[in-house]
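Numbers given in our numbering equal positions in the sequence shown, counted from 1, plus 433. C-beta: ideal position from N, C-alpha, C; glycine also. Working notes, beginning with the structure itself.
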Amino acid sequence: TVDALEDAVTRGLLVERRDRSGYHVPHDLVREVVTDRTSLARTRLLHGRAADELARRHATDAARAPAGAVARHLTAAGRTDEAATWHWRAAGESRRLYAHTETLEHTRAALGLGFDPTSGHLRAGDTLTLMGRYPAALLDYEQAAASTTEPAALAEAEHRIAHVNDRLGDWSAAE
(Lines of atoms letter the chains of each structure in order from A and count residues from 1; the text may use other names and numbers.)
(Lines give C-alpha, C1' and ligand atoms only; values in the text may rest on other atoms or scores of the structure.)
Protein backbone atom coordinates (compact mmCIF):
# COMPACT_ATOMS: atom_id res chain seq x y z
CA THR A 1 0.00 0.00 0.00
CA VAL A 2 2.79 2.43 0.91
CA ASP A 3 4.63 1.65 -2.35
CA ALA A 4 1.43 2.26 -4.33
CA LEU A 5 0.79 5.56 -2.51
CA GLU A 6 4.33 6.76 -3.10
CA ASP A 7 4.08 5.80 -6.78
CA ALA A 8 0.78 7.70 -7.12
CA VAL A 9 2.31 10.78 -5.46
CA THR A 10 5.38 10.60 -7.72
CA ARG A 11 3.16 10.43 -10.81
CA GLY A 12 1.00 13.33 -9.60
CA LEU A 13 -2.14 11.23 -9.24
CA LEU A 14 -2.29 11.99 -5.51
CA VAL A 15 -1.06 15.00 -3.55
CA GLU A 16 -0.13 14.75 0.10
CA ARG A 17 -2.13 17.19 2.20
CA ARG A 18 -0.13 19.59 4.33
CA ASP A 19 -3.06 20.98 6.35
CA ARG A 20 -4.07 17.57 7.73
CA SER A 21 -3.16 13.96 7.25
CA GLY A 22 -4.27 12.27 4.06
CA TYR A 23 -4.20 12.70 0.32
CA HIS A 24 -6.03 14.75 -2.26
CA VAL A 25 -6.90 13.72 -5.83
CA PRO A 26 -5.97 16.81 -7.85
CA HIS A 27 -7.69 15.84 -11.09
CA ASP A 28 -11.41 15.15 -11.43
CA LEU A 29 -10.76 12.76 -14.32
CA VAL A 30 -8.57 10.56 -12.09
CA ARG A 31 -11.30 10.52 -9.45
CA GLU A 32 -13.90 9.54 -12.07
CA VAL A 33 -11.75 6.69 -13.43
CA VAL A 34 -11.13 5.30 -9.96
CA THR A 35 -14.80 5.65 -9.02
CA ASP A 36 -15.98 3.98 -12.22
CA ARG A 37 -13.62 1.02 -11.75
CA THR A 38 -14.47 0.43 -8.10
CA SER A 39 -17.21 -2.12 -7.46
CA LEU A 40 -20.27 -1.23 -5.40
CA ALA A 41 -19.26 -3.75 -2.73
CA ARG A 42 -15.79 -2.19 -2.35
CA THR A 43 -17.21 1.33 -2.40
CA ARG A 44 -19.63 0.46 0.39
CA LEU A 45 -16.92 -1.29 2.37
CA LEU A 46 -14.59 1.69 2.15
CA HIS A 47 -17.31 4.21 3.02
CA GLY A 48 -18.29 2.01 5.96
CA ARG A 49 -14.72 1.98 7.23
CA ALA A 50 -14.46 5.75 6.84
CA ALA A 51 -17.74 6.20 8.72
CA ASP A 52 -16.60 3.97 11.57
CA GLU A 53 -13.33 5.90 11.94
CA LEU A 54 -15.09 9.27 11.80
CA ALA A 55 -17.66 8.09 14.36
CA ARG A 56 -14.82 7.04 16.65
CA ARG A 57 -13.21 10.47 16.28
CA HIS A 58 -16.57 12.19 16.81
CA ALA A 59 -16.98 10.37 20.11
CA THR A 60 -13.79 11.93 21.46
CA ASP A 61 -14.04 15.36 19.79
CA ALA A 62 -17.07 16.34 17.68
CA ALA A 63 -15.10 19.13 16.00
CA ARG A 64 -12.63 16.61 14.50
CA ALA A 65 -15.34 14.68 12.71
CA PRO A 66 -18.69 16.40 12.13
CA ALA A 67 -21.76 14.19 12.32
CA GLY A 68 -22.66 15.17 8.75
CA ALA A 69 -19.48 13.53 7.43
CA VAL A 70 -20.29 10.33 9.30
CA ALA A 71 -23.85 10.43 7.95
CA ARG A 72 -22.74 10.87 4.33
CA HIS A 73 -20.31 7.94 4.55
CA LEU A 74 -22.92 5.73 6.21
CA THR A 75 -25.40 6.60 3.46
CA ALA A 76 -22.84 5.71 0.79
CA ALA A 77 -22.10 2.48 2.67
CA GLY A 78 -25.79 1.53 2.49
CA ARG A 79 -26.20 1.58 6.29
CA THR A 80 -29.40 3.61 6.15
CA ASP A 81 -30.65 3.17 9.73
CA GLU A 82 -27.36 4.39 11.17
CA ALA A 83 -27.15 7.13 8.54
CA ALA A 84 -30.59 8.43 9.51
CA THR A 85 -29.51 8.71 13.15
CA TRP A 86 -26.29 10.50 12.20
CA HIS A 87 -28.13 12.90 9.89
CA TRP A 88 -30.44 13.68 12.82
CA ARG A 89 -27.40 14.31 15.00
CA ALA A 90 -25.89 16.51 12.26
CA ALA A 91 -29.13 18.48 12.08
CA GLY A 92 -28.85 19.10 15.82
CA GLU A 93 -25.25 20.27 15.47
CA SER A 94 -26.23 22.61 12.61
CA ARG A 95 -29.18 23.92 14.61
CA ARG A 96 -26.92 24.87 17.52
CA LEU A 97 -24.82 26.88 15.05
CA TYR A 98 -27.90 28.58 13.55
CA ALA A 99 -27.04 26.99 10.19
CA HIS A 100 -30.66 26.70 9.11
CA THR A 101 -30.07 25.47 5.55
CA GLU A 102 -27.81 22.64 6.76
CA THR A 103 -30.25 21.81 9.55
CA LEU A 104 -33.03 21.45 7.01
CA GLU A 105 -30.87 19.38 4.62
CA HIS A 106 -29.86 16.92 7.34
CA THR A 107 -33.39 16.73 8.70
CA ARG A 108 -34.74 15.95 5.23
CA ALA A 109 -32.01 13.35 4.73
CA ALA A 110 -32.91 11.69 8.04
CA LEU A 111 -36.58 11.65 7.07
CA GLY A 112 -35.74 10.16 3.68
CA LEU A 113 -33.81 7.37 5.38
CA GLY A 114 -36.72 6.47 7.65
CA PHE A 115 -36.21 8.60 10.78
CA ASP A 116 -39.26 9.25 12.98
CA PRO A 117 -41.59 11.36 10.80
CA THR A 118 -43.24 13.23 13.66
CA SER A 119 -39.97 14.48 15.16
CA GLY A 120 -38.48 15.07 11.72
CA HIS A 121 -41.37 17.14 10.40
CA LEU A 122 -41.57 19.13 13.64
CA ARG A 123 -37.87 20.02 13.37
CA ALA A 124 -38.20 20.83 9.66
CA GLY A 125 -41.19 23.07 10.46
CA ASP A 126 -39.27 24.82 13.23
CA THR A 127 -36.34 25.43 10.90
CA LEU A 128 -38.56 26.72 8.10
CA THR A 129 -40.28 29.03 10.59
CA LEU A 130 -36.90 30.44 11.61
CA MET A 131 -36.12 30.96 7.93
CA GLY A 132 -39.40 32.85 7.44
CA ARG A 133 -40.76 30.22 5.05
CA TYR A 134 -44.15 29.98 6.73
CA PRO A 135 -46.24 28.14 4.08
CA ALA A 136 -43.59 25.40 3.89
CA ALA A 137 -43.42 25.27 7.70
CA LEU A 138 -47.19 24.77 7.86
CA LEU A 139 -46.91 21.82 5.49
CA ASP A 140 -44.27 20.15 7.65
CA TYR A 141 -46.28 20.75 10.82
CA GLU A 142 -49.36 19.27 9.14
CA GLN A 143 -47.31 16.23 8.09
CA ALA A 144 -46.12 15.86 11.68
CA ALA A 145 -49.71 15.98 12.90
CA ALA A 146 -50.79 13.43 10.29
CA SER A 147 -47.96 11.04 11.18
CA THR A 148 -48.82 10.58 14.86
CA THR A 149 -51.55 9.06 16.97
CA GLU A 150 -50.05 10.26 20.26
CA PRO A 151 -52.20 13.03 21.79
CA ALA A 152 -49.20 14.98 23.14
CA ALA A 153 -47.36 14.96 19.78
CA LEU A 154 -50.55 15.92 17.95
CA ALA A 155 -51.13 18.80 20.38
CA GLU A 156 -47.54 19.98 19.87
CA ALA A 157 -47.94 19.97 16.08
CA GLU A 158 -51.27 21.82 16.30
CA HIS A 159 -49.75 24.38 18.68
CA ARG A 160 -46.94 25.08 16.20
CA ILE A 161 -49.44 25.40 13.34
CA ALA A 162 -51.31 27.97 15.43
CA HIS A 163 -48.07 29.82 16.14
CA VAL A 164 -47.26 30.15 12.42
CA ASN A 165 -50.82 31.23 11.61
CA ASP A 166 -50.49 33.87 14.32
CA ARG A 167 -47.28 35.13 12.66
CA LEU A 168 -49.11 35.26 9.33
CA GLY A 169 -51.90 37.32 10.90
CA ASP A 170 -54.55 34.63 10.38
CA TRP A 171 -55.92 34.84 13.92
CA SER A 172 -59.04 32.75 13.29
CA ALA A 173 -56.87 29.85 12.05
CA ALA A 174 -54.45 30.42 14.94
CA GLU A 175 -57.26 30.25 17.45
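Please check the pair residue i and residue j, which I expect to be a contact at CB under 8 Å, by giving their CB distance rounded to whole angstroms.
i, j, result
"R490", "A498", "4 Å"
"G558", "A570", "5 Å"
"R477", "G445", "29 Å between Cβ atoms; not a contact."
"V503", "W519", "5 Å"
"L555", "R593", "7 Å"
From the DSSP secondary-structure annotation, give me the bridge partner or partners of residue i.
i, result
"H457", "V448"
Counting along the chain, where does the alpha helix (DSSP H) carrying residue i start and finish?
i, result
"L546", "No alpha helix (DSSP H) contains L546, which DSSP labels as neither H nor E."
"Y567", "Y567 to A579"
"S472", "Careful: S472 lies outside any alpha helix (DSSP H) and carries neither H nor E."
"A595", "P584 to L601"
"G525", "T513 to R529"
"A502", "A500 to A509"
"E439", "V435 to T443"
"D559", "P550 to L563"
"A606", "W604 to A607"
Would you tell me roughly how many angstroms separate the C-alpha atoms of residue i and residue j, rounded to the nearest one?
i, j, result
"P584", "E591", "10 Å"
"V463", "R470", "11 Å"
"P550", "S580", "6 Å"
"R451", "H457", "10 Å"
"R482", "G501", "15 Å"
"R475", "T560", "37 Å"
"T562", "A606", "17 Å"
"H480", "E526", "22 Å"
"G553", "A516", "14 Å"
"W604", "V597", "10 Å"
"A595", "Y574", "10 Å"
"A509", "L546", "12 Å"
"S472", "E465", "13 Å"
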